[in-house]
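Here the working numbering is used: the first residue of the sequence shown is 1347, the next is one more, and so on.
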Amino acid sequence: MARPREFDEGDVLDAAVECFWKQGFEATSMRDLIERTGITGASLYNAFGDKRALYQRALDHYVAGSIAERIRRSRELPPREAIESFFADILKRSLGDRQRKGCMLVNAAVDVAPHDPAFQKIVAAVLKHLETFFLDCVRAGQADGTITLASPAADLARHLLAVLLGVRVLARVRPEPALLKGAVATALAFLDGSGRGHDARAGQALSGRGAR
């Protein structure tokens, strides 16, 4: 009869996320993970496998608790407001990230996925999910008149995804409010059919929601 686990799996994955997120996959050793999670090496291997397997579990845990949850909250709002709320939260997290950890998914896309076909598929699937979220919002906004019809919905969704990834990368090396807010405000301005500068509506949305 198998003995019950003497640890909480969620707590271990939370600790693993923090370790991988801060140090990256390559720089994180199993000893680091054992120290951070507080369980024995045997327990860690038996429950989660090797470092790569644990990294995948940690990444899945991060996506479920961060990205998927943010999308879920945003989908409860009207389409244009959903996009603004999503980016307001991204700005808040990016500008408040004193350790400059960035986004674990984006870090995986840069550090791990290029060398690992399996992780390429994992990261690509999440990015596709984000693109679909933006596409659904844009299409709904175009239908209710809150988002311009001047550009195809697919193009606007791809642009929003590109801005999201750019902001998350920039935040690691240049977490400057004017830089990050300017990039997002211009992207939101495109939703009104204007790509020239930061329209008042986009600026007000960012300043009003960024404090949440």
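Don't be surprised by glycine CBs; every beta carbon is placed ideally from N, CA and C.
All values derive from a computational prediction rather than experimental measurement.
Enclosing alpha helix (DSSP H) for residue i [first to last residue]
i        : result
Ala-1535 : 1523–1536
Asp-1354 : Segment: none, Asp-1354 is in no alpha helix (DSSP H) and carries neither H nor E.
Cys-1483 : 1463–1490
Arg-1426 : 1425–1441
Through-space distance from residue j to residue i, alpha-carbon basis
i        : j        : result
Val-1509 : Ala-1533 : 7 Å
Lys-1397 : Leu-1495 : 47 Å
Asp-1545 : Ala-1399 : For Asp-1545, the predicted structure reports a pLDDT of 43, less than 50, and the residue's modelled location is therefore unreliable. A value from the coordinates is still provided. Going from the Cα of Asp-1545 to the Cα of Ala-1399 covers about 46 Å.
Val-1519 : Pro-1460 : 21 Å
Val-1363 : Leu-1379 : 10 Å
Glu-1427 : Val-1515 : 24 Å
Phe-1366 : Val-1472 : 18 Å
Leu-1537 : Arg-1419 : 20 Å
Arg-1504 : Leu-1526 : 18 Å
Glu-1522 : Arg-1444 : 12 Å
Three-way DSSP call (helix, strand, coil) for residue i in this model
i        : result
Asp-1396 : coil
Ala-1500 : helix
Thr-1383 : helix
Ala-1373 : coil
Gln-1402 : helix
Asp-1545 : Only weak support is given to the placement of Asp-1545: the predicted model assigns it a pLDDT of 43, under 50, and the value that follows is read from those uncertain coordinates. Asp-1545: coil per DSSP, three-state reduction.
Counted within 10 angstroms of its Cβ, other Cβ atoms place residue i as buried (16 or more) or exposed
i        : result
Gly-1448 : buried
Val-1358 : buried
Glu-1352 : exposed
Pro-1425 : buried
Glu-1415 : exposed
Gly-1387 : exposed
Gly-1356 : exposed
Thr-1374 : buried
Arg-1446 : exposed
Selection from the options that minimises the alpha carbon distance to residue i
i        : options                                : result
Gly-1333 : Val-1363, Arg-1446, Gly-1491           : Residue 1333 lies beyond the stretch modelled for the chain, which goes from 1347 to 1558, so this question has no answer here.
Gln-1369 : Gly-1384, Glu-1422, Arg-1418, Met-1450 : Met-1450
Leu-1423 : Leu-1506, Phe-1480, Val-1530, Leu-1507 : Phe-1480
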